[in-house]
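For what it's worth, this note's numbering labels the leading residue of the sequence shown as 50, then goes sequentially.
Each residue gets a CB set at the ideal place from its N, CA and C atoms; glycine is no exception.
For reference, the structure is listed below as structure tokens.
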Amino acid sequence: MEGFEEEGNLHLIDYLNTYNPTLRVIMSKGYRIFLFPDHREEFYGDYWAIKGNRKIVAADPLRLLGLISMWETYGDGWYGKSDKTSYEHRNLFDEIAARAFPNNPEEIESLSNEEFNDYVSDYRLFFNSFTSKEILPQNVSRKDFYTIIDNFYKWDPEGFYEFEK
């Protein structure tokens with residue numbers, strides 16, 4: 050892809066510079082896009098994507114594309130039960146939040162070895178995505194893992210985050 054020196058290296062963030070490409074993707078899917086201005090000064094308005102008798106509304110183009118993608122995956126029964134994926138009946142929103150904010154060390158202690166190893170592996174992937182520093186030592190203890198997960202976002206970012214390499 051033009052503009053990237055190495056294929057596969059990507060750090061894409063929700064900024065205004067993503068709105069135009071997002072709107073182009075939505076239009077390429079055949080949707081007409083409208084901005085419904087808001088009467089409040091502090092709020093720009095809602096973006097509407099209309100195609101046939103489908104109306105999808107969101108506060109910004111990125112959310113709009115997300116809703117369109119969800120609807121294109123699930124169709125009109127998007128809110129019901131589906132067998133599209135192996136994790137359909139799980140509450141992923143709560144699961145992801147619980148992993149990010151464990152209540153106490155006992156939650157980590159109660160995991161099976163396989164669950165704990167998956168948790169560590171996932172967070173190693175996450176930490177490696179923004180720093181080359183070793184956040185999780187090899188063979189990290191459950192207690193130390195809890196302490197790291199419970200505190201890493203509070204650390205002084207000076208010299209910790211390496212978004213700009």
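Closest to Ile62 by C-alpha separation, out of Leu111, Ile198 and Lys104, would be which residue? Leu111
Could you give the C-beta distance for Ile157 and Phe194, rounded to a whole number, given that I count them as a contact under 8 Å? 6 Å
For the beta strand (DSSP E) that Val74 lies in, which residues bound it at each end? Run containing Val74: none in the beta strand (DSSP E); it sits in the alpha helix (DSSP H), Tyr68 to Ser77.
Just to confirm, is the Cβ distance from Asp199 to Pro151 under 8 Å? Yes, the pair counts as a contact, with Cβ atoms nearer than the cut-off.
On the DSSP bridge assignment, give the partners of Pro86 in chain order. Note: Pro86 sits in a beta bridge opposite Gly94.
According to DSSP, residues forming a beta bridge with Val189: Paired residues: none, contrary to the question.
8 Å Cβ cutoff met for Ile82 and Ala108: no
Below 8 Å on the Cβ atoms is my contact criterion, and I expect Arg148 with Tyr123 to pass it. Report the Cβ-Cβ distance as a whole number of Å. The pair is not a contact, with the Cβ atoms about 24 Å apart (cut-off 8 Å).
Roughly how far, in whole angstroms, is the beta-carbon of Ile75 from the beta-carbon of Leu116, given that I think they are within contact range, below 8 Å? 10 Å between Cβ atoms; not a contact.
Those residues which DSSP pairs with Lys182 across a bridge: None, per the DSSP bridge assignment.
Strictly by DSSP, which residues pair up with Lys104? Ile99
How should Thr134 be labelled, buried or exposed, when 16 other C-beta atoms within 10 angstroms of its C-beta is the threshold for buried? exposed
What are the boundary residues of the alpha helix (DSSP H) that Asn162 is part of? Asn162 to Asn177
Residue from Phe92, Tyr93 and Glu121 whose Cα sits closest to the Cα of Lys104: Glu121
Just the C-alpha distance for Glu211 and Ser161, rounded to the nearest angstrom, thanks. Unreliable positioning characterises Glu211 in this predicted model, as indicated by a pLDDT of 47, which lies under 50. The coordinate reading is nonetheless provided below. About 33 Å.
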